[in-house]
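Chains as they are written, first to last, in the numbering used here: chain F, 6 to 678; chain A, 160 to 663; chain C, 48 to 147; chain Z, 281 to 470. Even for Gly, the Cβ is constructed at its ideal location relative to N, Cα and C.
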Amino acid sequence: MLSVIVFAPLVGAIVLGLFGRRLTEKIIAVIACSSVLVSTLAAFYAFWRLLSVKPAEDGVRRINETLFTWIAAGSFSVDFGFLLDPLSGVMILFVTGVGFLIHVFATGYMHGDSGFYRFFAYMNLFMFMMLVLVLGDNFLMMFVGWEGVGLCSYLLIGYYFLEKFAGDAAKKAFVVNRIGDFGLALGVMLIFLKFGNVSFVDKANMVSALSQAAKMPVEPFSGSILFAGGLTTIAALLFIGATGKSAQIPLFVWLPDAMAGPTPVSALIHAATMVTAGVYMIARTNAIFAKAPLALTIVAIVGALTAVVAATIGLAQWDIKKVLAYSTVSQLGYMFLACGAGAFAAGFFHVVTHAFFKALLFLGSGSVIHAMHHEQDMRRMGGLQKYLKTTFITMAIGTLAISGFPLLSGFFSKDEILWKVRSSPVLPGSLGTLLWLIGLATAAVTAIYMTRMMVVTFLGEERFRKASDTHGEHHEHEPHESPPVMTVPLVVLAFLSVVGGFVGIPEALAEKIVPHSLHGVTHSFYHFLDPVFIKLSTTPGNLTGALAADHGAELVSTLLSTLVALIAIGVGYAVFSKQPLLTMPKILENKYYVDELYDAVIVNPVKWTSKWILWKVMDVGIVDGTVNGLARLLGWFSIGIREFQVGFTRAYAIFLLIGALTVVGYFLYFGRL
Amino acid sequence: MMTLLLQTSVLDINYVAIWPMIILSISGIAVLLFGIAKDPVHRDMSMIGIVGFVLAGVATGRLWLPVKTVGQIRAFSNMVIIDHFSLYFFFIFIIIGLLTLLISASFLEAERLPVGEFYSLVMFAVVGMMLMAAAGHLVMIFLGLEIASISTYALAGYRRNDLRSNESAIKYFVLGSAATAFLLYGMALIYGATGSAELEGIRTAIIDNVNAATKQPVHTELLFLGAAMMLVGFSFKVSAVPFHLWTPDVYEGAPSSVTAFMATASKAAAFAAFLRVFVFCFVPGYGQGLHSAWTTSLETIAILTMIAGNIAALTQHNFKRMLAYSSIAHAGYALVGLIADDWQAVAFYLLTYSITNIGAFGLITYLAGRGDRETEIDDLAGLGFNNLGVSIAMLILLLSLAGIPLTAGFMGKFIVFKAAWQKGFHVAVIVAVVTSAVSVYYYLRPMVIMFFRELKVEPKRLPLPTGVLVTVVLSILGTFYLGVMPGRLFQAMENAKVSFVQSR
Amino acid sequence: MVPLSWYLVLSAVLFTLGAVGLFVKRNIISIFMCIELMLNAVNLSLVAFSSFLKHLDGQLFVFMVMVVAAAEAGVGLALIISVFRNRESVDIDKLNLLKM
Amino acid sequence: MEKVLFLILAGISVAAAINVIFQRNTLYSAFSLIAVFGCLAALYVMLQAQLIAALQIIVYAGAIMVLFVFVIMLLNIRQEEEQKDRYHLYYLSLPIGVLLALEVYYGLSNIQDVSVPGAAVGNAESLGQGLFSTYLLPFEVTSILILLAIVGAVVLARKERDIPLEMLDALEAEQAKNKQSGKSEGKENN
């Protein structure tokens, strides 16, 4: 059953890859969508089955499916197996569901593209890899999926390969991801070394790495523990992997560039699914992170910083997809903030709701771009609500949801995160309060830039006509609403964005606003996931944990964040509806300053170094074309090594002899005991 | 005189044990005779070659079960030892030899080079490699190595009119012979130190610390000197840094299919002999720290090899040269397994590497065109447009070389790194992981150029020759088989471990 | 009676001379001769060990080495002839097409 | 007495070996090498390895070196290339050579003489016994070695009947053209 979920998209990918070239668009679309649909239906069925499974000793419901023993070398064995538990259950539901909707949308969006079959082959392959990542029952399987989604992401970002920036963006994504993967690989290796296996679940004769970790004592909160090779080190390494895949500081640079890919790709891979793999991984390994308060604190700080930095950058973007990209980075920061505060469930809930509204927003932007004939600059839009009614309404819902408008999905998840950070038992001192304030500020900024995006795109003057005058090559006909294959997914996602939050209403709030009889439903998400996460112990010196039980304070916090969101939306609307373009620079001057400061501090020095120090110093002709700055750095050493390679046999002979001298000398003088 | 007669009486002629070699030698001679005939027919010679390899494979397979029950078969007064170790390597050599024949056919035909001689040289080389893997005596290692080397010298220079091919052969010959001299010197000194040239005898002498001939303690300096010299010789043959400098030049200049053969089979054979001597004879705990001496020095060599191979590969423009550096790096990874004393890991690694590499070189033979004139990476530009199948095949093989999960390359690396990590070679493993992460950059370049670079002007390429097609398909199937379900093979090798231990 | 170590030292000196010749000589034929010199140096060691240990293997080994040397010389000289035909030269420094 | 003889032979062989290396005339190098081989043969006799000594003269000095000299004469390379060595690798010969020799000497320095009781080995009979009993397989294997050496040598040195690549290309292009024109003609006919 689980293998059906996983392998259905692979079958689709293989069929499309082998025969796609000879098939018509219609058949390709049917194959691509139906393979994902099969997977979706199987996922729902499996989830339903999971609900009726008897919980194991530790209270977690699990369905385990082992296909075969993948590696068996001595005492070490790894199964090729899948694991369905509440965590992966929730994950596959929205991965397959949202994935299916996006596939449907893409059949309309990619209509007429010359590489139609290639696109869907890659998309199906991506679904396969993502499901392997989620359902794999050990670190190695997860790593397979991890690498696989990276590869597919690379192929899909570079889909429009004739445009140079697409190829560059693809390379950048791949390379940055590899840096993260390297951390993950080392982390997994350490896990293997420490626990003797890399499994997620206990098997017949093996206590899994995670259960072993769960039984270990909490490591102290000190700097030196980071390099001690214990759980904190493992957690830090895993987190490096997560920063790569989930675009966190400092490895977030690839995600905005990744928007070079087709919009459905951005929606599926770079908003809803792949980028949340980092959060999933941390939630999956919460047994390790829970024992490493220092690692958790790092996660929280990085998350909060990413959230606020990306949100401010988002304010200054003109490309509609770039706004959404930075928004994604910022929201991912929220999720990491939650995980870092020990609220894995809240972070994971935000993963789900975010998948709904961010996929919605991306697809909506795709619909806009489609309507505008691949124009992405918001300065050449405006007043589109007249033409794109459905798109406008659905996107407005998405915007309200992400901004935290009361009772929409984003409201509940974000609110829960903020409160959990405020009352976190693991963050040292009153760091929780500080991060809570940052989170609140980010929420305000989020509401502002999202409102700005909506206002500039859909309301006000119709600037695209002017633009087409000056451009000349632009078409004259009106923007048109997209076909139903594209709008129906929008509507479905909008619906989910509205109601998605009701399964996870925070307890304090639920008491006030929901009839008592419905409490089972409104908090079911947390109840369902709760057994997966192990109990956290309070870090010594923590000042915020005591708040956790104070429902009154929680309500105040909720009220506060609601207020912030509403005011921010209002401010955004007031400001941008008057002066969508002209006032921009003035209002955002400070924000721009942040943006450029950020550029100046991080991006430019890197570029400058790679260009002037590494690139100009080296022979451009020789190293030209190596992948990026890092490769250039290595290339510099490379030339040193190549100096030996003068092409003369006699020089080689000399090196042979010198090598022999060294080896013999070593053996004779140092070798003997 | 009496002692001599006694020695001769233990003569055990067992042709069954060496059937694979006999079959290959006979079919090599048969191909040669066909080649001499007037107007030789290609197809016939290919058939003889293929049948020869298949029969040799069958003969090897038939030895598997007897060996399983007996543990090992010794024949010709311990000159050959047939155990699972040697059989496993026999399979590697046979597969690679067969695939080499398949990918060579088209280029020989296109360039009108003599076919019979080429095939027979490949087959003789495989015989030599088998002798190396099954050697129970230093002289067999030496003879096997020379048979394999001399035929590869000739193969490297097979394109007589091509300056690059000439040059490649000469460089290989000069440096290779010098390395052989070192190896031989090492053998001589070890023979002097232990009083025996049989591997078993050397091992016993080292463990008991008694020179077999003089019954005095083993002379340590002599032993160390010999081991060091042999280490140099073998390191050269597996192209480890700093003895690797010949590799890029020779690989670039030789005909692509010969490069494929050298990069896979020759390397595997050198590793087989390396394992036989160092892991089998120079065991830990004896010989005044001989084991720690060779492992520590090889650890350094492995680290240097991985770093230099991978970094130098970063800036290559020639595909074959890049793969040459990559093969140096891969030798480094295999050495990591060697220092961990784990022959299964090394053998498995070599299998995965060989299977993948032969496919990649097969594609190069095809893409480079007549005379290997288009081997620059830039020559691949736009391949993704006009030949999606070939470029996807290349993509898969390169990903496997880079060690992406689900491919053979990943599994091989994983096994080796795990073995070394468990034995405590942490630095080497970390370097290996870091460098294999780096390696992705250069494997990425051909992919980028294939898929994201403008079409070159002339997309005209001949249809894919059947031999290359078969090779590539087999290689990709093997890549996935070994990457996804290596379980059965591991199981077989687990069992083999027992027999190898028994043989000690 | 000449001690064993004398033979070994002579062998080592000859081996070293051959090794040095590898990079001092530029003529490929001379380089081959240096390789032959190295092999002969090893042979001397082998024979010395063999007769001092009263152990036949060393001399049999030398027998094989001689065969190998002959084979190597045959192929090597053929290679030289092939190179000379293409280049009209046997200077190894001129063989530098293949480099970075 | 034996020691004196040894020293004389060793001196001659070392001197000849040095001459092999530093002699600019290739032919003289070859003759010096023959001298080294001769000395070695004499040393083998001193080691009571008569058969090997004989083989040394017959095979090495007689066959292999004649082949060398033959090739030298054939290619008519009397002098090593006239111009100076650009790379001055001569200077490296001293440190590398001395170091290598020192290392090997260090390894061999304190080796003790051993005396194993028993008759000397190395006459033709005992060698023949060994060769056809214990060493039967290696002996057989050398036949393959020699066969492949012959094949290799013939392949590499055979007088060319190869066609240059450019010509092959042109030939093929012409064939393709003919084919195409044939086709188009066929079409026209249809």
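- Message: Residues of chain Z with CB closer than 8 Å to the CB of residue 661/F, please, in chain order.
- Response: One-based indexing of the first sequence puts residue 661/F at position 656. The premise fails here: residue 661/F is roughly 10 Å from chain Z at the closest Cβ pair, so nothing lies under 8 Å.
- Message: Quick check: what's the CA-CA separation for residue 450/A versus residue 442/A?
- Response: Taking the first residue of the second sequence as position 1, residue 450/A is located at position 291. Taking the first residue of the second sequence as position 1, residue 442/A is located at position 283. Separation of residue 450/A and residue 442/A (C-alpha to C-alpha, rounded to the nearest whole angstrom) is 6 Å.
- Query: Can you name the residues of chain Z whose CB is closer than 8 Å to the CB of residue 128/C?
  - Reply: As a working mapping, residue 128/C is identified with position 81 in the third sequence. Below the 8 Å Cβ cutoff, chain Z contributes 351, 354, 355, 436 and 437 as neighbours of residue 128/C, in chain order.
- residue 337/A touches chain F at which residues, Cβ-Cβ below 8 Å? Residue numbering aside, residue 337/A sits at position 178 when the second sequence is read from its first letter. Taking a Cβ-Cβ threshold of 8 Å, the residues of chain F close to residue 337/A are 658 and 661, in chain order.
- Item | Cβ pair count under 8 Å reaching 3, the region 498-511 of chain F against the region 355-373 of chain F | Under the 8 Å Cβ criterion, the region 498-511 of chain F counts as touching the region 355-373 of chain F, having at least three qualifying pairs.
- Task: Would you give the residue range spanned by the beta strand (DSSP E) that residue 239/A belongs to?
- Result: Along the second sequence, one-based indexing puts residue 239/A at 80. Secondary structure note for residue 239/A: its beta strand (DSSP E) is the uninterrupted segment 239-241.
- Item | Strand pairing of residue 234/A, partner residues [DSSP] | On the second sequence, residue 234/A is found 75 positions in, with the first residue counted as 1. Bridge pairing for residue 234/A: 239/A [DSSP].
- Task: Could you tell me if residue 165/F is buried or exposed, where buried requires 16 or more neighbouring beta carbons within 10 angstroms of its beta carbon?
- Result: Walking along the first sequence from the start, residue 165/F turns up at place 160. That one is buried.
- Message: Tell me which residues share the same chain as residue 357/A and place their Cβ nearer than 7 Å to its Cβ, disregarding the 5 neighbours each side in the sequence.
- Response: Within the second sequence, residue 357/A is the residue found at index 198, counting from 1. Annotation for residue 357/A: 237, 295 and 296 place their beta carbon closer than 7 Å to its own, counting only its chain and skipping 5 residues before and after.
- Alpha carbon to alpha carbon, what distance is there between residue 454/A and residue 494/A? Counted from its first residue, the second sequence places residue 494/A at position 335. Counted from its first residue, the second sequence places residue 454/A at position 295. For residue 494/A and residue 454/A, the distance between alpha carbons rounds to 10 Å.
- Message: Please list, in chain order, the residues of the region 379-393 of chain A that have any C-beta partner in chain Z closer than 8 Å.
- Response: Cβ contacts with chain Z come from 380, 381, 383 and 384.
- Item | Boundaries (first-last residue) of the alpha helix (DSSP H) holding residue 553/A | Residue 553/A sits at position 394 when you count from the first residue of the second sequence. Residues 547-561.
- Task: Give me the Cα-Cα distance between residue 325/Z and residue 374/A, rounded to the nearest whole angstrom.
- Result: Position 45 of the fourth sequence, counted from the start, is the residue given in the question as residue 325/Z. Position 215 of the second sequence, counted from the start, is the residue given in the question as residue 374/A. Residue 325/Z and residue 374/A: Cα-Cα distance of roughly 26 Å.
- Return the CA-CA distance between residue 329/Z and residue 366/A, expressed in angstroms with no decimal places. Start at 1 with the first residue of the fourth sequence, and residue 329/Z comes out as number 49. Start at 1 with the first residue of the second sequence, and residue 366/A comes out as number 207. About 31 Å.
- Using a Cβ cut-off of 7 Å, which residues of the region 397-415 of chain A contact any Cβ in chain C, in chain order? Taking 7 Å as the Cβ-Cβ cut-off against chain C, the residues of the region 397-415 of chain A that qualify are 408, 411 and 412.
- Would you say residue 376/Z and residue 60/C are within 8 Å of each other, going by their C-beta atoms? Within the fourth sequence, residue 376/Z is the residue found at index 96, counting from 1. Within the third sequence, residue 60/C is the residue found at index 13, counting from 1. Going by C-beta atoms, residue 376/Z is not nearer than 8 Å to residue 60/C.
- Message: Counting C-beta neighbours from all protein chains within 10 Å, is the total for residue 229/F 16 or more, i.e. buried, or is it exposed?
- Response: Taking the first residue of the first sequence as position 1, residue 229/F is located at position 224. Result: exposed.
- Close Cβ partners of residue 166/A (< 6 Å) along its chain, the five nearest in sequence each way excluded: On the second sequence, position 7 is the one that residue 166/A refers to. Here residue 166/A scores only 45 on pLDDT, less than 50, and its place in the model is too uncertain to base an answer on.
- Ends of the alpha helix (DSSP H) at residue 291/A? Looking up residue 291/A in the second sequence gives position 132. For residue 291/A, the enclosing alpha helix (DSSP H) has its first and last residue at 274-292.
- Query: What residues in its chain sit with their C-beta under 8 Å from that of residue 313/F, if we drop five residues either side in the sequence?
  - Reply: Numbered from 1 along the first sequence, position 308 holds the residue referred to as residue 313/F. Counting only Cβ-Cβ distances below 8 Å, and skipping sequence neighbours, we find 335, 338, 443, 446, 447 and 450.
- Task: Measure the C-alpha to C-alpha separation of residue 184/A and residue 247/F and round it to an integer number of angstroms.
- Result: Working through the second sequence from its first residue, we reach residue 184/A at position 25. Working through the first sequence from its first residue, we reach residue 247/F at position 242. Rounded to whole angstroms, residue 184/A to residue 247/F spans 56 Å at the Cα level.
- Message: If we define contact as Cβ-Cβ less than 8 Å, is residue 664/F a contact residue for chain Z?
- Response: Translated into the one-based positions of the first sequence, residue 664/F becomes position 659. No - not a single Cβ of chain Z is within 8 Å of the one on residue 664/F.
- Message: If distances are taken between C-alpha atoms only, which option among 128/C, 114/C and 108/C comes closest to residue 348/A?
- Response: Position 189 of the second sequence, counted from the first residue, corresponds to residue 348/A. Of all alpha-carbon atoms in 128/C, 114/C and 108/C, the one lying nearest the alpha-carbon of residue 348/A is that of 108/C.
- Item | Spatially closest choice to residue 627/A from 583/A, 581/A, 611/A and 523/A, by CA coordinates | Numbered from its first residue, the second sequence carries residue 627/A at position 468. Answer by Cα proximity: 523/A.
- Please look up how many angstroms separate the CB atoms of residue 341/A and residue 664/F, rounded, as I've assumed it's under 8 Å. Position 182 of the second sequence, counted from the first residue, corresponds to residue 341/A. Position 659 of the first sequence, counted from the first residue, corresponds to residue 664/F. The Cβ separation is near 10 Å, so there is no contact.
- residue 503/A - containing alpha helix (DSSP H), residue span: The residue you call residue 503/A lines up with position 344 of the second sequence. In this chain, the alpha helix (DSSP H) harbouring residue 503/A covers 502-527.
- Query: Taking Cβ to Cβ, would you say residue 244/A is nearer than 8 Å to residue 502/A?
  - Reply: Residue mapping note: residue 244/A aligns to position 85 of the second sequence, counting from 1. Residue mapping note: residue 502/A aligns to position 343 of the second sequence, counting from 1. Remark: C-beta atoms of residue 244/A and residue 502/A approach each other more closely than 8 Å.
- Local Cβ density within 10 Å of residue 283/Z, reported as buried at 16 or more and exposed below that: Residue numbering aside, residue 283/Z sits at position 3 when the fourth sequence is read from its first letter. With fewer than 16 Cβ atoms within 10 Å of its Cβ, residue 283/Z is classed as exposed.
- Query: Roughly how many whole angstroms lie between the Cα atoms of residue 100/F and residue 89/F?
  - Reply: Residue mapping note: residue 100/F aligns to position 95 of the first sequence, counting from 1. Residue mapping note: residue 89/F aligns to position 84 of the first sequence, counting from 1. Those two C-alpha atoms are separated by around 14 Å.
- Message: I want to see whether chain A comes within less than 8 Å of residue 654/F, judged by CB atoms only; does it?
- Response: Locating residue 654/F in the first sequence gives position 649, where the first residue counts as 1. At least one chain A Cβ lies under 8 Å of residue 654/F.
- Task: Output the boundary residues of the alpha helix (DSSP H) element that contains residue 550/F.
- Result: As a first step, residue 550/F is located in the first sequence; it is residue number 545 there, counting from the start. Counting along the chain, residue 550/F falls outside any alpha helix (DSSP H), and DSSP gives it neither H nor E.
- Message: Any beta carbon of chain C sitting closer than 8 Å to that of residue 645/F?
- Response: Counting from one through the first sequence, the residue named residue 645/F turns up at place 640. Below a pLDDT of 50, predicted positions are generally treated as unreliable, and residue 645/F, at 45, falls in that range; the measurement from the model is reported next regardless. Output row for residue 645/F: interface = no.
- How far does the alpha helix (DSSP H) with residue 325/A in it reach, from first residue to last? For the purposes of this step, residue 325/A is identified with residue 166 of the second sequence, where counting begins at 1. Per DSSP, residue 325/A is one residue of the alpha helix (DSSP H) stretching across 322-353.
- Query: Between which two residues does the alpha helix (DSSP H) carrying residue 316/A extend?
  - Reply: The count along the second sequence starts at 1 and reaches residue 316/A at position 157. Where residue 316/A is concerned, there is no enclosing alpha helix (DSSP H), given that its DSSP letter is neither H nor E.
- Determine the DSSP secondary structure at residue 487/Z, reduced to helix, strand or coil. A question about residue 487/Z goes unanswered here, because the residues of chain Z that appear run from 281 up to 470.
- Nearest-angstrom beta carbon gap, residue 137/C and residue 82/C [assumed within contact, 8 Å]: As a first step, residue 82/C must be located in the third sequence, where it is residue number 35. As a first step, residue 137/C must be located in the third sequence, where it is residue number 90. Not really, about 15 Å apart at Cβ, beyond 8 Å.
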